[in-house]
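Engineer: For the record, the sequence lines run as chains A and B.
Numbered by our numbering, the letters in the first sequence go through residues 11 to 300 in order.
Numbered by our numbering, the letters in the second sequence go through residues 222 to 796 in order.
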Amino acid sequence: MTATAEALKPKDYKSDIRPVWCPGCGDYGVLNSVQSAFAALQLDLYNTVCVSGIGCSSRLPYFMKTYGFHSLHGRSLPVATGLKLANPNLEVVVFGGDGDLFSIGGGHFPHVARKNTDITLVMMDNHIYGLTKGQASPTSNTGMVSVTTPWGAPDPASVNPLAYALTYGATFVAQSFSGNPKAMTEIIKQAISHKGFSYVNIISPCLTFNKIDTFDFYKDAFVDLPDDHDKSNLVAALDKAVNPPTGKVYNGIYFQTQRPTLLDGLKKIKEKAKADKNRDLNTFIDEFKP
Amino acid sequence: MSDLIIRIGGEGGEGIISAGDMVAQAAARSGLNVLTFKTFPAEIRGGYAMYQIRFSKDEIKSEGTGFNVFCAFNQEALDKNKSQLIPGTVLVYDYPGGDIEEEVKIEGVTCYAIPMSKIAKKDLDMYRAKNMVALGLLSYVFDIALESLKDTIREKFGKKGQAVVDTNMKAIEAGINYFKEHYKKTDPFTMGHTDKVDKDIILISGNEAVGLGALIAGCNFLSCYPITPATEVAIYLAGELPKVDGTLVQAEDEIASLANVLGASYAGAKAMTSTSGPGLSLMQELLGLASMAEIPCVVVNVQRGGPSTGLPTKHEQSDLFMAVHGGHGDAPRVVLSAENVADAVDLTVLAFNIAEKYQIPVLLLTDGSLGFRTESIKRPDPKKYTIVNRERFKPGGDEKYLRYKLTESGVSAMSIPGEVGGAYISTGLEHSQSSAPSFTPEDHIKMSDKRFKKMEGIADFVPPPEEQGSGPADVGVISWGSTLGTVREAVDMARAEGLKVKALHPKLVWPLQEKQIKAFAASCKKILIPEVNKQGQFAEILRGKTGIDGISYPIYGGLPFTPKQILEKIKEVSK
Chain A
11 MTATAEALKP KDYKSDIRPV WCPGCGDYGV LNSVQSAFAA LQLDLYNTVC
61 VSGIGCSSRL PYFMKTYGFH SLHGRSLPVA TGLKLANPNL EVVVFGGDGD
111 LFSIGGGHFP HVARKNTDIT LVMMDNHIYG LTKGQASPTS NTGMVSVTTP
161 WGAPDPASVN PLAYALTYGA TFVAQSFSGN PKAMTEIIKQ AISHKGFSYV
211 NIISPCLTFN KIDTFDFYKD AFVDLPDDHD KSNLVAALDK AVNPPTGKVY
261 NGIYFQTQRP TLLDGLKKIK EKAKADKNRD LNTFIDEFKP
Chain B
222 MSDLIIRIGG EGGEGIISAG DMVAQAAARS GLNVLTFKTF PAEIRGGYAM
272 YQIRFSKDEI KSEGTGFNVF CAFNQEALDK NKSQLIPGTV LVYDYPGGDI
322 EEEVKIEGVT CYAIPMSKIA KKDLDMYRAK NMVALGLLSY VFDIALESLK
372 DTIREKFGKK GQAVVDTNMK AIEAGINYFK EHYKKTDPFT MGHTDKVDKD
422 IILISGNEAV GLGALIAGCN FLSCYPITPA TEVAIYLAGE LPKVDGTLVQ
472 AEDEIASLAN VLGASYAGAK AMTSTSGPGL SLMQELLGLA SMAEIPCVVV
522 NVQRGGPSTG LPTKHEQSDL FMAVHGGHGD APRVVLSAEN VADAVDLTVL
572 AFNIAEKYQI PVLLLTDGSL GFRTESIKRP DPKKYTIVNR ERFKPGGDEK
622 YLRYKLTESG VSAMSIPGEV GGAYISTGLE HSQSSAPSFT PEDHIKMSDK
672 RFKKMEGIAD FVPPPEEQGS GPADVGVISW GSTLGTVREA VDMARAEGLK
722 VKALHPKLVW PLQEKQIKAF AASCKKILIP EVNKQGQFAE ILRGKTGIDG
772 ISYPIYGGLP FTPKQILEKI KEVSK
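1. Between the Cα of R289 (chain A) and the Cα atoms of B:V722, B:V386 and B:P603, which residue gives the shortest distance?
2. One question on the structure: do T595 (chain B) and S426 (chain B) come within less than 7 Å of each other, judged by their Cβ atoms?
3. How far does the beta strand (DSSP E) with T260 (chain B) in it extend, from its first residue to its last?
4. Does any residue of chain A bring its CB to less than 7 Å from the CB of S655 (chain B)?
5. Should F442 (chain B) be flagged as near chain A, meaning a C-beta pair shorter than 7 Å?
6. For a minimum of 3 consecutive residues, which ranges assigned as the beta strand (DSSP E) are wholly contained in the segment 657-715 of chain B?
7. Could you tell me which chain A residues have their CB closer than 7 Å to the CB of V641 (chain B), listed as they occur along the chain?
8. If we require 4 or more residues per run, which alpha helix (DSSP H) segments fall completely within the segment 497-565 of chain B?
9. For F258 (chain B), which residues of its own chain have a beta-carbon under 7 Å away from its beta-carbon, when the five flanking residues on both sides are left out?
10. Quick one: which chain A residues come within Cβ less than 7 Å of E473 (chain B)?
11. Using the Cα positions of S558 (chain B) and V683 (chain B), report the straight-line distance between them to the nearest angstrom.
12. Quick check on Y272 (chain B) - is its C-beta less than 7 Å from some C-beta in chain A?
13. Less than 8 Å between the CB atoms is what I'm expecting for I772 (chain B) and F759 (chain B), so what's the real figure, rounded?
14. Can you tell me whether DSSP reads D466 (chain B) as helix, strand or coil?
15. Where do the ends of the alpha helix (DSSP H) carrying F48 (chain A) lie?
16. Under 6 Å Cβ to Cβ from F261 (chain B), same chain only, skipping five residues before and after it: list those, please.
17. Would you kindly check if the distance between the Cβ of A249 (chain B) and the Cβ of S597 (chain B) is under 7 Å?
18. Residue range of the alpha helix (DSSP H) that L356 (chain B) falls in?
19. Apart from the five residues on each side of it in sequence, which residues of its chain come closer than 6 Å, Cβ to Cβ, to L235 (chain A)?
20. Per DSSP, what kind of secondary structure is P234 (chain A) in: helix, strand or coil?
21. Report the residue ranges of all alpha helix (DSSP H) runs contained in full by the segment 224-294 of chain A; include only those spanning at least 4 residues, in chain order.
22. Output the distance between the C-alpha atoms of T224 (chain A) and C216 (chain A), rounded to the nearest integer angstrom.
23. Going straight from the alpha carbon of K199 (chain A) to that of V103 (chain A), what length do you get?
24. Does the CB of S426 (chain B) have a neighbour CB from chain E at under 7 Å?
25. Which bits of chain A does Y487 (chain B) rub up against, with CB to CB less than 7 Å?
26. Report yes if the CB atom of L650 (chain B) is closer than 7 Å to the CB atom of V89 (chain A), and no otherwise.
27. By the three-class DSSP mapping on this structure, what secondary structure does K626 (chain B) have?
28. Considering only their Cβ atoms, is the gap separating I393 (chain B) from G357 (chain B) smaller than 7 Å?
29. According to DSSP, which residues form a beta bridge with L780 (chain B)?
30. Report buried or exposed for G706 (chain B), applying the criterion of at least 16 other Cβ atoms within 10 angstroms of its Cβ.
31. List the residues of chain A whose Cβ lies closer than 9 Å to the Cβ of Q246 (chain B), in chain order.
32. On the DSSP bridge assignment, give the partners of I64 (chain A) in chain order.
33. Counting only the same chain and skipping the five closest in sequence on each side, list residues whose C-beta sits under 7 Å from that of R245 (chain B).
34. Please classify D567 (chain B): does DSSP put it in a helix, a strand, or coil?
35. Would you please verify whether the beta carbon of L111 (chain A) is less than 7 Å from any beta carbon of chain B?
36. For I27 (chain A), would you say it is in contact with chain B, using Cβ-to-Cβ distances shorter than 7 Å as the test?
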């Protein structure tokens, strides 16, 4: 986040690769907001890394001018973890979709959350697998009819990513809507500024394959969290996550708290071990004298 | 005598492993060479545990064949080893008053019945001292570093106070006194002392050796997931990596471990993970990513019996196919395999050097018996190793940075986040030189060729395989991994008997050093390929890549070869 001579504008974060998304895809809006948030924070182009897995939304790093890592389906979080631990000075932002993060990669999320790894996760939730042309995902509405669920999805429940994030110990949990660039930019900005693991769930409708969770539906459904919501209260946050008003979806920060991060823990270990890059290797070998 | 093998068997949790470690340490300290071999149950307590130590005044190449002395702590251990109690061997067993209920008499076997449990329980009032009673006894009867053992005990227990030292000393003496009172030594096994005590010897396990090699190579990141028999690599480095400002994390699974490693290496770390077969299975997709995105990484695989959960604590060399060919697509990778503990240090350094120089995943295969085994080895000199680091992008040029630039060697300069002008997207998608996704025939062909071009350089970069013996031979043995040491010993024995035999000891098992292997094979009438797996995996890889139609000699009983087994096979095929 070093200040450059000339302030970076959102377009300065834009690469010359054109997005591959369908016209009208919610992910365009997310991309714009990400660039706006990066500019607002004046993130250094060369000390920022965008990491992703596989899926429509996971293509986002290509459209950014920062460093990037387009990894494997479901593996963005552990890749980002290694990256951040190897160089804590980097700003690491992870992008992905609901299938990537909560189905194939679902086993990683709890650990990034509980370890409070200092990275930001922006999930573009479209309640569907888009890149493989429309199959029900873990966040799809129950009973959804799709090409692999022509009789309706038999799964009796969907994943609630917000509740998941809250219970696993994420220290920043928020939700926004691709159709509301201003609110979305602000939340992404705050998520990146937060020290520790930040989770942002962005409802980013898929026009092509999801005919239920549409822009039209969300345009009216999105409301700000009540003014009196206490974002330091985990139980209140969980209540808002699992009991939204009927037909409504909240925009805003559900929960935010401060806790030591994984890096803080590792730093303490190094202090105890009297870390020294140039330690004489013979001291290690001496330990094996019989 | 110059060589002695003692085996101790009993129930897991009886202190067999710690007793074995102590006598190995004492012997190494007194100037003897030692090589240990352990098997234990997959459970924490109970089940059969075994600790074998080979002592020698000369270099030790393998676990050896059978044992000279067997010390049985219980009936199960006795039953399991009865068939190997052949004339000329010695049995020391816990009788009377222990688990073994009948006196043992075997034709040609010297049997010493020592009431170890009784001495510990009744005379010393300390059941857990049974292992120390045995230790004193064995050290005395077979003249193995008794004084050194007492020093070791004083040091080991000194921190716990004089009373603890005294009790253990009493146990040591009690075993010795019982023997003196009841027996006159009638067996021929006496190790004796050596005058040339080498001060530059260390005693280290195969798994620790990998860790030490990593430190020498400059590794500063390890992500792991607990798995037998590889966990000790991480346990060792968990203590040591932070001392060199390195990071060790335990991930949620092996997939995350390798993903952590790739993220760290992308950010500039020298990173590794250590695992065993089931973990390596899970890592296959990420290994493909490392090949595709050209990210240096080292994966140490301590093989165990498979498939599936298999035989977690048993020895097998059955992950070669997976190491070489696992995963989808055409993905180049490098596979090294270590012969012994000293090799584990050297090859770990080499693995990092190859990974860094060629920006490619390097797998180092060891195995359960090598990982658990301790050996006295010549102290490595960190200054003697050449350390290679990846070619880095140089900022400031006029040209646009191309991460995957086509070059003569297939290697292109790598930028690390933080470098101005070096931004790129590391990617598992096929790509152009600039790292943009590209699925054109031209790019896929060029990039596949680029990635495989590196393999040619690697075969030349690694020192040629060592040849044991020279000239034309009736039988040439080619093997890999820890079987090499056993082959070495068997070939020495065969040559001493006048057989025209030689051996080749490749450490790089993929890509193959074809030139040298073919030249070796051309000088032998027959090629014998011993290895510990069902399918004869290395034999098949050799055949496929070099056309060498060797005689595959696979064994798969969960135990390593003995030199005698290989010697007999050599004799059989040379007829």
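C-beta: ideal position from N, C-alpha, C; glycine also.
Structural biologist: Here's the rundown:
1. B:P603
2. yes
3. N254 to T260
4. no
5. yes
6. 687-689 and 694-699
7. Y56
8. 498-503, 505-514 and 541-546
9. Q273, E284, S590 and R594
10. G117, H118 and H121
11. 12 Å
12. no
13. 12 Å between Cβ atoms; not a contact.
14. coil
15. G36 to L51
16. G233, A270 and T534
17. yes
18. K351 to V362
19. Y260 and G262
20. This sequence places Asp at residue 234 (chain A); Pro is not what is there. Note: D234 (chain A) maps to strand in three-state DSSP.
21. 225-231, 244-252 and 272-282
22. 7 Å
23. 11 Å
24. Looking at the structure shown, chain E is missing, and the protein chains on hand are A and B.
25. F79 and L93
26. no
27. coil
28. yes
29. According to DSSP, L780 (chain B) bridges with nothing at all.
30. buried
31. P300
32. None, per the DSSP bridge assignment.
33. It is Ala, not Arg, that sits at residue 245 (chain B) in the sequence shown. Closer than 7 Å at the Cβ level, and outside the excluded window around A245 (chain B), lie V255, T257, I274, L424 and T595.
34. helix
35. no
36. yes
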